[in-house]
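Visitor: Letter 87 of the sequence shown, counting from 1, is numbered 130 in my numbering, and no numbers are missing. For each residue, glycine too, the CB sits at the ideal point set by N, CA and C. From a predicted model like this one, the values you see are computed outputs, not experimental measurements.
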Amino acid sequence: MEIATVKIGTPLLDEFIVQLKQHLSFQYENHSTDMYILAAEEYYIFNNSSQLNMVVAKKEGSTILVDAIGGAGGSGIFNINYFSESEFINSAIDAMRECCQNMNWAFELGENK
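1. Can you list, in chain order, the residues of its chain whose CB lies under 6 Å from that of ALA83, leaving out five sequence neighbours each side?
2. Just how far apart, CA to CA, sit GLU141 and TYR87?
3. Where DSSP assigns a beta bridge to ASP110, which residues make up the other side?
4. ILE80 lies in the beta strand (DSSP E); which residues open and close that run?
5. Who are the Cβ neighbours of PRO54 in its own chain at under 8 Å, not counting the five residues just before and after it?
6. Mapping the DSSP letters down to three states, classify GLN65 as helix, strand or coil.
7. From the DSSP output, in three-state form, read off SER93 for me.
8. By DSSP, does PHE121 sit in helix, in strand, or in coil?
9. Using 10 angstroms around the beta-carbon of GLY153, count the other beta-carbons present and answer buried if the total reaches 16, otherwise exposed.
10. In the DSSP assignment, the beta strand (DSSP E) including ASN155 goes from what residue to what residue?
Below, the structure is given as structure tokens:
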């Protein structure tokens, strides 16, 4: 599993999610007034596995804290994922960065795990 954390410089959670969904597609969405969970399952033919990709966004004061999670993309005895998890993480980071540039919001990439 790979995780990236991002801090977005706006309290406009709903608008951020609208912008993000223009770049990434999700099959599941659940939200409250201060938190969104977005998820998608993708099948990777090259290693014959399915991977769960998630974005969890939480409004925290005047910012939004986001975790992008790519997990279970590996298969076989050595759990080889052919970088599918990091591919999603990089796509999510690029999408969030572009959203922030378009809306003139601050973007701060945290530590990848």
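Guide: In short:
1. Start at 1 with the first residue of the sequence shown, and residue 83 comes out as number 40. So the list reads PHE69, GLN70, ASN96, once near-sequence residues are dropped.
2. Residue 141 sits at position 98 when you count from the first residue of the sequence shown. Residue 87 sits at position 44 when you count from the first residue of the sequence shown. Rounded to whole angstroms, GLU141 to TYR87 spans 26 Å at the Cα level.
3. Against the sequence shown, residue 110 aligns to sequence position 67. Paired residues: THR48, VAL99.
4. Translated into positions along the sequence shown, residue 80 becomes position 37. ILE80 -> beta strand (DSSP E) spans 78–87.
5. Position 11 of the sequence shown, counting from 1, holds the residue named residue 54. Answer for PRO54: LYS102, GLY104, SER105, THR106, ILE107, listed in chain order.
6. Translated into positions along the sequence shown, residue 65 becomes position 22. DSSP places GLN65 in coil when its eight states are reduced to three.
7. As a position in the sequence shown, residue 93 is number 50, starting the count at 1. Strand at SER93.
8. What you label residue 121 is simply residue 78 of the sequence shown in a count that begins at 1. Only weak support exists for where PHE121 lies, its pLDDT of 49 falling under 50; the value from the coordinates is given anyway. Three-state DSSP puts PHE121 in coil, outside helix and strand.
9. Within the sequence shown, residue 153 is the residue found at index 110, counting from 1. Exposed, by the Cβ-count rule.
10. Position 112 of the sequence shown, counting from 1, holds the residue named residue 155. Where ASN155 is concerned, the enclosing beta strand (DSSP E) stretches over 149–155.
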